[in-house]
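Structure first, commentary second.
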Amino acid sequence: MGTVAVIGGGAAGMMAAVAAASEGARVILLEQKDRIGKKILSTGNGRCNFTNIHQEPLCYHSEDPLFPWRIIEKFDAQKAISFFLQMGIYSKNRNGYIYPNSDQASAVLDAFRMELDRLRVDIRTDIHIREIDSGKKGFVIRTEKENVRADRVILCTGSKAAPSTGSDGSGYDLAKQLGHRLIPVLPALVQLRCEGDFFKAFAGVRVNGSVSIWSEGECAAKDTGEIQLTDYGISGIPVFQVSRYASKLLYEKKEVTAILDFMPDFTEEQTGAFLSSRAKMRPEKPADMFLIGLFHKKLSELWIKQSCISRDKAAGDMTAEEIERFVRLIKNFRLRVTATNSYEKAQVCCGGVDTAEVDPETLESRYVPGLYFAGEILDVDGMCGGYNLQWAWSSGYVAGKNSCC
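The sequence shown begins at 48 in the numbering used here and counts up one residue at a time.
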C-alpha cells in the first residue's frame, strides 16, 4: 500500500489522513504548528458549524464553477453527518446549519484526534517544510528537522486566511515548486473597508438589509441579512457572502461600490408611500424623530444630516422631494469600497491552485503523479454556513481515498 504523507493538519488534512489510513496506508501527518486542528476551534464561533444540509453548486465558487460540485457529490453533507456520527459526534440541525450536539468545536477536534490515534497515523508537529522533491521512487519532503520519504503526498496546507492558526500560504510555494499555477489568492468571507468620514457615527449598529456589490454599472453579487456597521466600513454575514467579488474587483483595480438597502422588502415606491403615510400620521413630529422606531437612532441622525433637512422641521411640512431624499438614503445608501480587511481577519480566501491542473475525479495533480490536493489550497471557496468545512471534508476524503489506489 505504501506511505502517504499528508501535509497540513487542518480540517482537510485530518480527513485526508483518516481516509487514507482507513484504506490501509501508512500515513504520516505533518503540521507546522505545535498541534493539529487549531483553526477548527474558531469555526462557528467556537461551536463548529461543520456542514449544511442545504447544498447546491452555487454554494461553492471557483474559476471552474463545476469543479467543486463534482467533489462534493462524492462525499456530501449526509455522508459527512454519518462520518461524524461514527466518530461519536451526534449533530443538531439549526435551520440547515449542522453543529455538534454539544455545541463545542473542541469535540470535533477531539474526535479526529481519537480516530487518528485509532488508525495509527504518525502525527508530527512543528514541522516546517522547505521543499518537496518528486521522482520515480516517490517523494522526499525536506524539512528543518528531517527528510520524510513517501510514495504519495497530499497537500492540505490551507490558504492565507487566519495565519495565526497555521494557514500562512506556505503551501502555495510548494505547489509552485512542483509546477502548479495559482489563481490570485485574495481575502474572502471578510469585512469591507469603505470611504467616508461618518462611520464612527454609526459604528456598532446592526441592521437587517441587503448589500450589493457594483462595478462598471453591473451588480457582481447581492445578499440579505444582518449587516454590521463598523468604524471603518461594513461587516456581517451578507457582507462576507459578497466580499470575494469585491476582493477580486479591487485586485483588478476597478472602482467598487457597495449599495445598502435598509428596507429590502419594499420597493422605492412603497418606501416613499410608507414614509408619506408616516408623516401624515404624526405631522407634528420633528424631522430628527421622524425615523425613530423604524431605524436605529444613529442611522436616523446620519440621514438627517446627509439629507440637509432641518432637524426641527415638522414631518407634516416635509416636501415630496425631502421624503424622496430619505427614500434614496434608505434604499440606495452608496459606499465606495476601498479595500477588504487583511488575511488575518478573513475566514477563507478565494483563489489558489488552478483546478484545471487537478483531476476532478481524484484530486491528483495532472503534472506530478502521486501528488494530491485538498481543502483551501485549491481554487475553491464556499459561502458562510458550513460550506467551507464541507469542502474540506469532501476534498480530504476524495484525496485520501484515491491516494491509496
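We treat Cβ as the ideally placed atom computed from N, Cα and C, and that holds for glycine.
Asked, Found
"Closest Cα partner of ASP81 within the set ARG171, TYR434, LYS269, GLY447", "ARG171"
"Buried or exposed by the 16-neighbour rule on C-beta atoms within 10 Å, applied to CYS431", "buried"
"The ligand ZN heavy atom lying under 7 Å from the CB of MET328", "Because no ligand of any kind appears in the structure shown, any question about the ligand ZN cannot be addressed here."
"Other residues of its chain near LEU307: CB distance less than 6 Å, five sequence neighbours each side excluded", "GLY256, VAL258, PHE380"
"Residue burial classification, ASN449 (beta-carbon count within 10 angstroms, cutoff 16)", "buried"
"Of the residues ILE179, GLY185, ILE201, LEU202, the one placed nearest GLU191, counting alpha carbons only", "ILE179"
"Beta strand (DSSP E) segment containing SER342, residue limits", "Before going on, a small fix: residue 342 reads as Phe here, not Ser. Neither: PHE342 is in no beta strand (DSSP E) and is coded neither H nor E."
"Unbroken alpha helix (DSSP H) run spanning GLY218, endpoints", "217 to 224"
"For GLN151 and GLN275, the rounded distance between their alpha carbons", "25 Å"
"Chain-order list of residues whose beta-carbon lies under 7 Å from that of ARG413 (same chain, five-residue window excluded)", "GLU404, VAL405, ASP406"
"Cβ pair count under 8 Å reaching 3, the segment 195 to 202 against the segment 51 to 58", "yes"
"Residue of GLN224, PRO234, GLU103, LYS269 minimising C-alpha distance to ALA426", "In the sequence as presented, Ala is not what sits at residue 426; that position holds Asp. If we check each option's Cα against that of ASP426, PRO234 comes out closest."
"When THR387, GLN79, ILE83, GLY49 are compared against GLU70, the one with the closest alpha-carbon", "GLY49"
"Counted within 10 angstroms of its Cβ, other Cβ atoms place PHE131 as buried (16 or more) or exposed", "buried"
"Coarse secondary structure for ALA439, derived from DSSP in three states", "helix"
"Own chain residues within Cβ distance below 6 Å of MET310, not counting five before or after", "THR318, ILE377"
"Between the CA atoms of ALA326 and ALA320 - distance to the nearest angstrom", "10 Å"
"Distance between beta carbons of ILE119 and GLN437, contact taken as under 8 Å", "7 Å"
"DSSP three-state assignment for SER214, whether helix, strand or coil", "coil"
"Inter-stretch contact (C-beta, 8 Å, three-pair minimum) for the segment 60 to 75 and the segment 149 to 169", "yes"
"Buried versus exposed, by CB contacts within 10 Å (16 or more), GLY12", "Nothing about residue 12 can be reported from this structure: the residues present for the chain run from 48 to 452 only."
"Where SER129 sits in the DSSP three-state scheme", "helix"
"Beta bridge counterpart(s) of VAL195 as assigned by DSSP", "ILE188"
"Own chain partners of THR277 with C-beta closer than 6 Å, once the 5 adjacent residues on each side are dropped", "ALA250"
"Validate contact between the segment 240 to 247 and the segment 282 to 290 using beta carbons, cut 8 Å, 3 pairs", "no"
"Proximity winner among ASP157, ALA334, THR304, VAL374, relative to LEU382 (alpha-carbon distances)", "THR304"
"Given GLU331 as reference, the closest of HIS343, VAL232, TRP350, MET365 once Cα atoms are compared", "MET365"
"PRO104 (DSSP reduced to helix, strand or coil)", "helix"
"Spatially closest choice to GLY363 from ARG372, THR387, LEU322, by CA coordinates", "LEU322"
"Where GLU423 falls: helix, strand or coil (DSSP)", "helix"
"Residue range of the alpha helix (DSSP H) that includes LEU166", "Element bounds for LEU166: n/a, residue is neither H nor E."
"Between the CA atoms of THR98 and LEU77 - distance to the nearest angstrom", "25 Å"
"Span of the alpha helix (DSSP H) around SER290", "284 to 298"
"LEU349 - DSSP class collapsed to helix/strand/coil", "helix"
"Unbroken beta strand (DSSP E) run spanning LEU233, endpoints", "229 to 235"
"In DSSP terms, what GLN275 is bridged to", "ARG253, SER282"
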